[in-house]
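In our numbering, the protein residues as written are 11 to 298.
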């Protein structure tokens, strides 16, 4: 069984036992996503934090979800000042990305309605500003201090050579931070996972999947030497879920904000759920 194979990384041993809540891009319902503020507010509320990584033009691993900088930064305004025509992350250097504000948009758009409802504290968000796009190196250093497990999603950069550089850079940063045991690497680009396994046999891997299951999904994960299957909630099949868990594979479902659905999934045996909304600190598990 994959979960019992001592040759494979045992990342989930670092997580607290029982139903696992994964903070999707940090506590993004209450703070701007993929920022140090969102990660800090996740402490004491979850068992793992999920984040996304892309490369800058000068090869720095940046924590940012979108291909374009439009939605969560002031790049449209700053690009003219910097003389940049492109708004793609990969076309900006680290020093240019560091000039962007990645927090004010949350106050303007209130994407989850949590400011209007009072679930999120506007004053706390204001106090966290200005927020910058963090580097993976910064987040890894923070996670090591707090012993917080991280799910690092490698975004598809849409060019094989750039994808290879991203995987190599992430592996190097994880090794430099001595964070191997705290890191789970995932991607929708499965060849990137295969490269990660060849570069770093001690780092855990998770297969991200939406749309449809791969043929023979258990054998597929075994071939990639992955210990976890991350699938969209719309793809959940309880027969496949039971087979995965029986084979020792951890199954985590994204993105589940409904507590009733969370309890249903935990009752069916999933390891964890990715969620935008986290409970108050030191409250009971959503499965109870």
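For each residue, glycine too, the CB sits at the ideal point set by N, CA and C. Since this is a predicted model, take the numbers as computed values, not measurements.
Residue range of the unbroken alpha helix (DSSP H) whose run includes residue i
i: residue 133; result: 132 to 138
i: residue 181; result: 170 to 186
i: residue 299; result: For residue 299 there is no data in the structure shown, the boundaries of the chain being 11 and 298.
i: residue 150; result: 146 to 156
i: residue 48; result: 46 to 50
Rounded distance between the beta-carbons of residue j and residue i, thought under 8 Å
i: residue 286; j: residue 38; result: 5 Å
i: residue 209; j: residue 178; result: 7 Å
i: residue 48; j: residue 42; result: 6 Å
i: residue 149; j: residue 73; result: 6 Å
i: residue 180; j: residue 234; result: Not really, about 17 Å apart at Cβ, beyond 8 Å.
Residue i and residue j closer than 7 Å at C-beta
i: residue 83; j: residue 104; result: no
i: residue 114; j: residue 120; result: no
i: residue 58; j: residue 144; result: no
i: residue 280; j: residue 261; result: yes
i: residue 203; j: residue 197; result: yes
i: residue 50; j: residue 78; result: no
i: residue 220; j: residue 249; result: no
i: residue 40; j: residue 186; result: no
i: residue 289; j: residue 108; result: no
i: residue 199; j: residue 226; result: no
i: residue 230; j: residue 259; result: no
i: residue 27; j: residue 276; result: no
i: residue 112; j: residue 139; result: no
Boundaries of the beta strand (DSSP E) in which residue i is found, first to last residue
i: residue 58; result: 58 to 65
i: residue 117; result: Unbroken run through residue 117 is the alpha helix (DSSP H), 114 to 119; no beta strand (DSSP E).
i: residue 33; result: 30 to 34
i: residue 5; result: The requested residue 5 is not part of the displayed model; the chain covers only 11 to 298.
Any 3 or more C-beta pairs closer than 8 Å across the segment 184 to 198 and the segment 207 to 225: yes
Ordered list of beta strand (DSSP E) runs contained in the segment 205 to 244, each at least 3 residues: 214 to 219, 238 to 242
Contact the segment 84 to 93 vs the segment 47 to 63: 3+ CB pairs below 8 Å: Output reads no: the segment 47 to 63 does not touch the segment 84 to 93.
Runs of beta strand (DSSP E) wholly within the segment 244 to 292 (minimum 3 residues, chain order): 260 to 264, 282 to 285
3-residue-minimum beta strand (DSSP E) runs that sit fully inside the segment 69 to 108, ordered along the chain: Within the segment 69 to 108, the complete beta strand (DSSP E) segments of 3 residues or longer fall at 71 to 73, listed in chain order.
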